[in-house]
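Once you know that position 110 of the sequence shown is 110 in this note's numbering, the rest is easy, because the numbers rise by one and skip nothing. Quick reminder that beta carbons are idealized off the backbone N, C-alpha and C, glycines included. Everything below concerns the one structure shown next.
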Amino acid sequence: MEPRSTVIEIGRAAARLRAGDLVVFPTETVYGLGANAGDPRAVARIFEAKGRPRFNPLIVHLSDIDQLHTIAREIPALALRLAEAFWPGPLTLLLPRAPGVPDLVTAGLDTVGVRIPQHPVARALITAAGVPVAAPSANPYQAVSPTRVEDLDKTIVACAAAVIDGGPCAVGVESTVVGFDDSGRAVLHRLGGLPVEELERITGALLAPGPGVASPGRGTRHYSPARAKILLEPDLDPGRRPHTRLLCLRAIPEDEAYADVRELSPSGDLRDAARNLFTMLNTLDRESDLPIAVRLVPATGLGAAINDRLLRATGAGG
Ligand code: TXA
Ligand code: MG
């Protein structure tokens, strides 16, 4: 679908951002709730709007790599190679923060999450605002991220001075988050829209965050719909199928026993599945409170991020 926002709309929203207000804007991953990253009072409004604890840091969004030195310093060589290869795109890098980045943005950590989004509207907005934009996903804390304006929560919209509609997000899951250890080796903090296989072509085997490494956003319960209970299909008593809905990649004939079946991608394409994931969860939740059984997808490419989000929706992610 074509972006529906106009240049005038983007200009107005950019002015509101600069003035300290919140703006909902599209990125290629999910919609973001943005504030001027240099304005602690504006950033505080993000935490209030989402009901998000202040120990959970925000990603700073840039429109151009030239802005990077205002946010980060002593950037590991491997980080620069990743930025060159994958920005603009669904990759967030955790880098040593530059002085001047408000504590609230980083939750007091000495690293800052940074990314250059690919969505043309996001970049036009950040360019027009002329400031780096701190933005989490535009959902209430622990709810499912919105990938369409239609799925935005009313309380979030009420807190925003502008909502820019860019149509459905092309990737559909949040960015992959990568940090670096003391030796400059890459550490995977969150599975996301950039598949691990693509990253590892440059980084070699990614490390897992070690004990004591701050990954504050990795709370187990996350991406949960408001009403419907989500459970893994293997945990479901088969007798319950007529009273349960199913979310799967592709249906098989036996799935007719379910009250309702939603296919993430009838052709089995994991990119389509990622794009549909949050919209389907949001829609299923709006439609009824019947429980939803989820069937994991093949764990290659974007499938790893899809399974991560499905497991978190059941409360079993790790
Ligand atoms: O695709 C995305 O990343 C979207 C769009 C809007 O860009 N944003 C997003 O932001 O998903 P949020 O706040 O919902 O998730 C950011 C994640 C959180 O888990 C947070 O804890 C982690 O990144 N994070 C941010 N800065 C960090 C830091 N300095 N150290 C460790 N984790 C960090
Ligand atoms: Mg989020």
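First through last residue of the alpha helix (DSSP H) which encompasses residue i
i, result
"ASP285", "270-287"
"VAL196", "196-203"
"GLY11", "7-18"
"THR314", "303-314"
"ARG262", "Segment 260-263 is the beta strand (DSSP E) holding ARG262; no alpha helix (DSSP H) there."
"ILE46", "40-50"
"LEU95", "Where LEU95 is concerned, there is no enclosing alpha helix (DSSP H), although the beta strand (DSSP E) it sits in stretches over 91-96."
"ILE126", "120-129"
"PHE86", "77-86"
"VAL171", "Where VAL171 is concerned, there is no enclosing alpha helix (DSSP H), given that its DSSP letter is neither H nor E."
"LEU104", "103-106"
Spatial neighbours of residue i in its chain, beta-carbon cut-off 6 Å, leaving aside the 5 residues before and after
i, result
"GLY89", "GLN118"
"VAL30", "SER137, SER145, THR147, CYS169, GLU174"
"THR314", "ILE230, LEU231, LEU232"
"ASP260", "ARG245"
"ARG123", "SER63"
"ASP39", "GLY20"
"LEU58", "VAL105, ALA134, PRO136"
Own chain partners of residue i with C-beta closer than 7 Å, once the 5 adjacent residues on each side are dropped
i, result
"THR127", "SER63"
"ASP153", "ASN139, PRO140, ALA143"
"GLY301", "PRO195, GLU197, LEU270"
"ARG309", "VAL173, TYR223, LEU277"
"ARG81", "ILE202"
"LEU95", "ALA72, ILE75, ALA79, THR111, VAL112, VAL114"
"LEU236", "THR244, ALA293"
Distance cut-off 7 Å: residue i Cβ against heavy atoms of the ligand MG
i, result
"SER175", "no"
"PRO76", "no"
"SER224", "no"
"SER265", "no"
Beta-carbon contacts of residue i that lie in its chain and below 8 Å, excluding the five residues immediately before and after
i, result
"ASP182", "none"
"MET1", "Its pLDDT being 43, under 50, MET1 is placed unreliably in this model, and the value from its coordinates should be taken loosely. For MET1, where only same-chain residues beyond five positions count, the Cβ hits under 8 Å are GLY167, PRO168."
"GLN67", "PRO132"
"PHE47", "PRO53, ARG54, LEU104"
"ALA98", "HIS69, THR70, ILE71, ALA72, ARG73, VAL112"
"GLU263", "CYS248, LEU249, ARG250, ALA251"
"ARG18", "ASN36, ALA129, GLY130, VAL131"
One or two residues paired with residue i in a DSSP bridge
i, result
"ASN139", "None, per the DSSP bridge assignment."
"ARG25", "Just to set this straight, residue 25 is Phe in the shown sequence, not Arg. GLY32."
"LEU188", "VAL178"
"VAL60", "VAL114, ALA134"
"ALA162", "VAL23"
"ALA72", "ARG97"
"LEU207", "VAL187"
Terminal residues of the beta strand (DSSP E) in which residue i lies
i, result
"VAL157", "Premise fails: VAL157 lies in the alpha helix (DSSP H), 154-159, not in any beta strand (DSSP E)."
"ARG245", "245-248"
"ALA293", "292-294"
"LEU232", "230-232"
Residue i beta carbon near the ligand TXA (any heavy atom closer than 7 Å)
i, result
"SER137", "yes"
"PRO90", "yes"
"LEU277", "no"
"LEU109", "yes"
"HIS119", "no"
"ILE202", "no"
"VAL196", "no"
"PRO146", "no"
"ASN307", "no"
"ARG286", "no"
"PRO102", "no"
"ASN56", "yes"
"GLY51", "no"
"VAL178", "no"
"VAL163", "no"
"ALA8", "The sequence shown places Ile at residue 8, rather than the Ala named in the question. Not so, every heavy atom of the ligand TXA lies at least 7 Å from the Cβ."
"THR319", "Nothing can be reported for residue 319, as the shown portion of the chain is limited to 1 through 318."
"GLY268", "no"
(message) Assess contact between the region 129-146 and the region 185-192, defined as three or more Cβ pairs (one per stretch) separated by less than 8 Å. Is contact present?
(response) Judged by Cβ distances under 8 Å, the region 129-146 makes no contact with the region 185-192, as fewer than three pairs qualify.
(message) Using 8 Å as the cut-off, can you tell me whether the region 167-175 makes contact with the region 34-50, which would need three or more C-beta pairs spanning the two stretches below that distance?
(response) Touching, no, given that fewer than three Cβ pairs across the two stretches are closer than 8 Å.
(message) If contact is defined by three or more beta carbon pairs under 8 Å, each pair taking one atom from either stretch, is the region 240-250 in contact with the region 275-285?
(response) Under the 8 Å Cβ criterion, the region 275-285 counts as touching the region 240-250, having at least three qualifying pairs.
(message) Counting beta carbon pairs with one atom in the region 293-307 and one in the region 199-209, are three or more of them shorter than 8 Å?
(response) Taking a contact to require three or more Cβ pairs closer than 8 Å, the region 199-209 and the region 293-307 do not qualify as touching.
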